[in-house]
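Peer 1: Remember, the numbering used here sits 289 above the position in the sequence shown when you count from 1.
Note that beta-carbon positions come from the ideal geometry of N, C-alpha and C, so glycine has one too.
If you're wondering where the values come from, they're calculated on a predicted model, not measured in any experiment.
Got a structure here, written out as structure tokens. Questions coming.
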Amino acid sequence: MKSMLIAVCLVAVSCCLAADVPGCQHETCTKCIRHRTCIWCSQNNTETRWPSCISDKHPDLEKWLDWCDTEAVEPGMTYSVIKDEPLSDDDEVENIVQLSPQEVNLTVRIQEPYNFTLTYSHSANYPADVYYMMDGSQSMADDKDMLYSLGEQLAEGMKEITNNLYLGFGIFIDKPVLPYISTVPKVTPPYSFKNALPLTSNASAFTDEVKRAEGGTNQDFPEGGFDGLMQAIVCEKDIKWRNLAGILRPNDKRCHLDANNEYNKAIVYDYPSVSQINEMAKLHRINLVFAITAEQEPLYARLSQHIEGATSGVLASDSSNVVDLLTSSLKDIISKVELTQRDHNSHVSVRFFSECKDGEMKERSSQRERLNPVVEVYPVGRQGSLQINLAMHCQCSCAKPGDKGYIVNAEACSRNGTSMCGVCECHEGFVGKACECYSNDDDGTGTISEDSCRQTNTSAVCSDRGQCVCGQCQCKKPADPSQNIYGDFCECTNYLGCTGNEGLICSGHGECECNECRCTGGWSGPTCSCDGNDDKCKNPDTDEICSGHGECECNKCNCQDDRKGKYCDDCPTCSGKCTDYKPCVQCKAFDTGEYDTNKCEADCTQYNITKHEAVEVENDQEKKCSFYDENDCVFYFVYTVRSSDNVTAIRVQEVKECPNPVNILGVILGVIGGVLLIGILALIIWRIYASIQDRREYSKFILSRNEEQWTNNQNPLYKEATTTVQNPMFGTN
290 MKSMLIAVCL VAVSCCLAAD VPGCQHETCT KCIRHRTCIW CSQNNTETRW
340 PSCISDKHPD LEKWLDWCDT EAVEPGMTYS VIKDEPLSDD DEVENIVQLS
390 PQEVNLTVRI QEPYNFTLTY SHSANYPADV YYMMDGSQSM ADDKDMLYSL
440 GEQLAEGMKE ITNNLYLGFG IFIDKPVLPY ISTVPKVTPP YSFKNALPLT
490 SNASAFTDEV KRAEGGTNQD FPEGGFDGLM QAIVCEKDIK WRNLAGILRP
540 NDKRCHLDAN NEYNKAIVYD YPSVSQINEM AKLHRINLVF AITAEQEPLY
590 ARLSQHIEGA TSGVLASDSS NVVDLLTSSL KDIISKVELT QRDHNSHVSV
640 RFFSECKDGE MKERSSQRER LNPVVEVYPV GRQGSLQINL AMHCQCSCAK
690 PGDKGYIVNA EACSRNGTSM CGVCECHEGF VGKACECYSN DDDGTGTISE
740 DSCRQTNTSA VCSDRGQCVC GQCQCKKPAD PSQNIYGDFC ECTNYLGCTG
790 NEGLICSGHG ECECNECRCT GGWSGPTCSC DGNDDKCKNP DTDEICSGHG
840 ECECNKCNCQ DDRKGKYCDD CPTCSGKCTD YKPCVQCKAF DTGEYDTNKC
890 EADCTQYNIT KHEAVEVEND QEKKCSFYDE NDCVFYFVYT VRSSDNVTAI
940 RVQEVKECPN PVNILGVILG VIGGVLLIGI LALIIWRIYA SIQDRREYSK
990 FILSRNEEQW TNNQNPLYKE ATTTVQNPMF GTN
């Protein structure tokens, strides 16, 4: 026997039209608990400062719980088991119990979850009723023959899974009326559905009935399958389990098998719808397995999604795999359990968390609608269920007559009212928290105006420090006995507004009277923290109090006109304090200047000096200063005197602006290089100029030569150097 623990989380989503009002300022217990974050204490609170209704997020919740008895806190969730039969052993075959407990009572409040555990155990010999229903048309004759030949093998395969096996057989064709079936006289009379064999443990009877089953003919695709399914599901006694051709009447989801185990209302009622099949399958805990051909598999796969616990599988053309198909489907069904519940609704949310095998947590949630519903949790396709009798906290029990929290003419209500959940509901004519006041008002409302408990028309009742009782303020009593609240409107205290130095009342130099200090011993100020000594206000340079431009109040100068500074010695038209602040800025910010470390620590502590990336004047109360230091670097700072505390605040630019050092070698090399460069450039220019001039002169020479014209004359005095003489004897042949 394998068990699985399942945690069930149940939440009431809404209750009694409860309003989601922020805060928990409710006057009655019933109104208080209808708000999901509010808690009510039914303990009498007429003499306490604690409210009866408080938020569960209140910062003083722990103190409130210390005041309120635990038993007096409303609401309290209750859980009780009504029926819890033990889970069945593996060898049990009858009255098997697989789910524990079977019935519980649960009372919850709005939007507050409650977790409890139920256990599911799968029995090894859990009854398996397999009802095989097949198409009886002539086209399925060979499949019927295959089922007959495999009948014994089918039974043996199933018994490997469970020994508590019953087999049944049914056959369907279509509605026995035109145009669905053939009415040829010589053809076997058609029928819609026939219960050929009720469920039995005799496997031989199963194979015999399959062999004897007679088919029929029809005109179109067999559509009587749903008729057969409905009858197979709802005809429990007949099946023996351990619902357009002018047929307008919807299926009635009832059993209609005659003495021959045939469906006799096929021409009366329409085919059942998918939702009707699903409804009956859920009601009777039936798992459907559709064994269909490959071309029909997509259609039946979608159909299975709309019928709880249904699956589909592809059947071979000759049905040779029917045994494997059925055994694998049965194994798949019993190897897992799916929990769900009936009657979905938006008011109750149910979630299941299962833990089995490797501890993987899987969640399934759903919702319900009725206010105090009965939630039935059951495993899909199997017997057994858990019934949760759910009740919601919409009214406090202490507000009902007969409860110990319901007291008529209670002492706490001055015997003028009924105490309900610790709060008085006064009789007519009486008002007040304890019904202690008699109201003779003229408007007949039974209330006393609180206007007489307000100091002004806009002020709070009793200054929020007391209660208006019968038209007069009753001031609260603080937890500290040294503290006191008094006055006609509880407007005065001996501690509020008087806290001074070191947290002492009036700094220990006076008394607090109606939220104001009355100083003694020469002390002054709102909290008596001023000793009356003016020495701290004297300018050390002039020995004048506040430099003659202010008054010393509580050891600090209160400057007049546009003066500022600790001693009122600075102003927009004054020469300024740049020079005075320079040494401290240098030593504090840069560790340079004329002050050494000791003098810097001694003379510069009164300045608030901070360094910044850059400083600029931000308002007309600031001044910017700049100086050169010993390295010819410029440093900047801006100072101002805060009027709130007369402290000089100085903002210093953290990076000085220093000139770059001169590179002598670079300058020399640069000069030499410059001279050489100038000389070379001069030579190049001279050479270019000379070349240009030569070209010009040569061009002029050529031009003048071409323009001159010369005559050829023979000098008469000239004789050539050679003389030619002819030999007279020389002749030619």
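(1) Less than 7 Å separating the Cβ of ILE834 from some heavy atom of the ligand GTP?
(2) Go to GLU568, then tell me how far its beta strand (DSSP E) extends in each direction, as first and last residue.
(3) Need the endpoints of the alpha helix (DSSP H) that ALA521 sits in, please.
(4) Would you report the Cα separation of ASN1016 and ARG994, rounded to the nearest angstrom?
(5) May I have the straight-line CA-CA distance separating GLN895 from THR937, to the nearest angstrom?
(6) Where does LYS888 sit, in a helix, a strand or coil, going by DSSP?
(7) Under 8 Å between the Cβ atoms of TYR421 and PHE482?
(8) Can you give the beta carbon distance from GLY786 to SER796, rounded, assuming they're within the 8 Å contact cut?
(9) Which class does CYS273 belong to by DSSP, given the choice of helix, strand or coil?
(10) Tell me PHE778's beta-bridge partners as DSSP assigns them.
(11) Taking the alpha-carbon of VAL1035 as reference, which of GLN910, ASN549, LEU992, GLU946 has the nearest alpha-carbon?
(12) In whole angstroms, what separates the C-alpha of GLY711 from that of CYS759?
(13) Which ranges does the beta strand (DSSP E) cover as unbroken runs of at least 3 residues, wholly within the region 658 to 726, from first to last along the chain?
(14) Could you say if the region 490 to 502 and the region 441 to 450 meet the contact criterion of at least three C-beta pairs nearer than 8 Å?
(15) Check whether the region 696 to 706 and the region 416 to 431 touch, using three or more Cβ-Cβ pairs below 8 Å as the test.
(16) Could you give the distance in angstroms between the alpha-carbon of THR745 and the alpha-carbon of CYS757?
(17) Taking only three categories from DSSP, how would you classify CYS764?
(18) Consult DSSP for THR616 and reduce its assignment to one of helix, strand or coil.
(19) If we count the other Cβ atoms within 10 Å of its Cβ and call it buried at 16 or more, is MET366 buried or exposed?
(20) ASP541: which of GLN520, ASN394, GLY854 sits nearest, CA to CA?
(21) Going by the beta-carbon positions, is the gap between CYS687 and SER331 smaller than 8 Å?
(22) In this structure, does DSSP put PHE1019 in helix, strand or coil?
(23) Since PHE778 and CYS801 should fall inside the 8 Å C-beta cutoff, what is the C-beta to C-beta distance between them, to a whole number of angstroms?
(24) Fully enclosed by the region 904 to 948, which beta strand (DSSP E) runs are 3 residues long or longer?
(25) So, helix, strand or coil for LEU966, using DSSP?
(26) Please classify GLY959: does DSSP put it in a helix, a strand, or coil?
(27) By how many angstroms is the C-alpha of VAL393 removed from the C-alpha of ASP373?
(28) Which stretch, first to last residue, makes up the beta strand (DSSP E) that contains LEU486?
(29) Between the Cα of VAL397 and the Cα atoms of CYS806, LEU992, GLN684, LEU456, which residue gives the shortest distance?
(30) Are the CB atoms of GLY425 and PHE458 nearer to each other than 8 Å?
(31) Less than 8 Å separating the beta-carbons of LEU486 and TRP530?
(32) Consult DSSP for THR734 and reduce its assignment to one of helix, strand or coil.
(33) Output yes or no for whether 8 Å exceeds the beta carbon distance between CYS342 and CYS313.
(34) Buried or exposed for LEU572, please, with buried defined as at least 16 other CB atoms from any protein chain shown within 10 angstroms of its CB.
(35) Could you tell me which whole alpha helix (DSSP H) segments of length 4 or greater appear in the region 392 to 454?
(36) Apart from the five residues on each side of it in sequence, which residues of its chain come closer than 7 Å, Cβ to Cβ, to GLU714?
Peer 2: Walking through what the data contain:
(1) For the ligand GTP, the structure offers nothing, since it holds no ligand at all.
(2) Counting from 1 along the sequence shown, the entry for residue 568 is found at position 279. That residue, GLU568, is in no beta strand (DSSP E); its alpha helix (DSSP H) goes 563 to 572.
(3) Residue numbering aside, residue 521 sits at position 232 when the sequence shown is read from its first letter. Note, ALA521: alpha helix (DSSP H), 514 to 523.
(4) Reading the sequence shown from its first residue, position 727 is the one you call residue 1016. Reading the sequence shown from its first residue, position 705 is the one you call residue 994. Distance between the alpha carbons of ASN1016 and ARG994 is about 47 Å.
(5) As a first step, residue 895 is located in the sequence shown; it is residue number 606 there, counting from the start. As a first step, residue 937 is located in the sequence shown; it is residue number 648 there, counting from the start. Approximately 7 Å, taken between the alpha carbons.
(6) As a working mapping, residue 888 is identified with position 599 in the sequence shown. Looking at LYS888 - three-state DSSP - the assignment turns out to be helix.
(7) Counting from one through the sequence shown, the residue named residue 421 turns up at place 132. Counting from one through the sequence shown, the residue named residue 482 turns up at place 193. Cβ atoms of TYR421 and PHE482: not closer than 8 Å.
(8) Residue 786 sits at position 497 when you count from the first residue of the sequence shown. Residue 796 sits at position 507 when you count from the first residue of the sequence shown. Incorrect: roughly 13 Å between the Cβ atoms, too far for contact.
(9) Since the first residue of the chain shown is 290 and the last is 1022, residue 273 is not available in this structure.
(10) Locating residue 778 in the sequence shown gives position 489, where the first residue counts as 1. Paired residue(s): none; PHE778 is not in a bridge.
(11) Because the chain in this structure spans residues 290 to 1022, residue 1035 falls outside the shown range and cannot be described.
(12) Counting from 1 along the sequence shown, the entry for residue 711 is found at position 422. Counting from 1 along the sequence shown, the entry for residue 759 is found at position 470. When rounded, the distance between both Cα atoms is 20 Å.
(13) 663 to 668, 675 to 681, 706 to 709, 712 to 715
(14) yes
(15) no
(16) As a position in the sequence shown, residue 745 is number 456, starting the count at 1. As a position in the sequence shown, residue 757 is number 468, starting the count at 1. If you take the alpha carbons of THR745 and CYS757, they lie about 14 Å apart.
(17) As a working mapping, residue 764 is identified with position 475 in the sequence shown. Reduced to three states, the DSSP call for CYS764 is strand.
(18) On the sequence shown, residue 616 is found 327 positions in, with the first residue counted as 1. Helix, per DSSP.
(19) If you number the sequence shown from 1, residue 366 lands on position 77. The residue in question, MET366, is exposed, as its Cβ has fewer than 16 Cβ neighbours within 10 Å.
(20) Working through the sequence shown from its first residue, we reach residue 541 at position 252. Selected option, being the one with the closest Cα: GLN520.
(21) Translated into positions along the sequence shown, residue 687 becomes position 398. Translated into positions along the sequence shown, residue 331 becomes position 42. Their beta carbons are under 8 Å apart, which means CYS687 touches SER331 by this criterion.
(22) Residue mapping note: residue 1019 aligns to position 730 of the sequence shown, counting from 1. DSSP places PHE1019 in coil when its eight states are reduced to three.
(23) Numbered from 1 along the sequence shown, position 489 holds the residue referred to as residue 778. Numbered from 1 along the sequence shown, position 512 holds the residue referred to as residue 801. Incorrect: roughly 18 Å between the Cβ atoms, too far for contact.
(24) 912 to 917, 923 to 930, 937 to 942
(25) On the sequence shown, residue 966 is found 677 positions in, with the first residue counted as 1. Reduced to three states, the DSSP call for LEU966 is helix.
(26) Walking along the sequence shown from the start, residue 959 turns up at place 670. Of the three classes helix, strand and coil, the one that applies to GLY959 here is helix, per DSSP.
(27) Position 84 of the sequence shown holds residue 373. Position 104 of the sequence shown holds residue 393. Taking the straight line joining both Cα atoms gives about 9 Å.
(28) If you number the sequence shown from 1, residue 486 lands on position 197. That run of the beta strand (DSSP E) goes 482 to 489.
(29) Locating residue 397 in the sequence shown gives position 108, counting from the first residue. Checking every option, the nearest Cα to that of VAL397 belongs to GLN684.
(30) Taking the sequence shown and counting its residues from 1, one reaches residue 425 at position 136. Taking the sequence shown and counting its residues from 1, one reaches residue 458 at position 169. Contact flag unset, no.
(31) Counted from its first residue, the sequence shown places residue 486 at position 197. Counted from its first residue, the sequence shown places residue 530 at position 241. In this structure, TRP530 does not lie closer than 8 Å to LEU486 by Cβ.
(32) The residue given as residue 734 occupies position 445 in the sequence shown. Residue placement at THR734 is poorly supported in this model, since its pLDDT is 49, which falls under 50; the coordinates still yield a value, given next. Residue state, collapsed to three classes: coil.
(33) For the purposes of this step, residue 342 is taken as the residue at position 53 of the sequence shown. For the purposes of this step, residue 313 is taken as the residue at position 24 of the sequence shown. The answer is yes: Cβ separation under 8 Å.
(34) Along the sequence shown, one-based indexing puts residue 572 at 283. When all chains shown are included, LEU572 counts as exposed.
(35) 430 to 438, 440 to 448
(36) Within the sequence shown, the letter at position 425 stands for residue 714. Cβ within range, chain order: GLY706, THR707.
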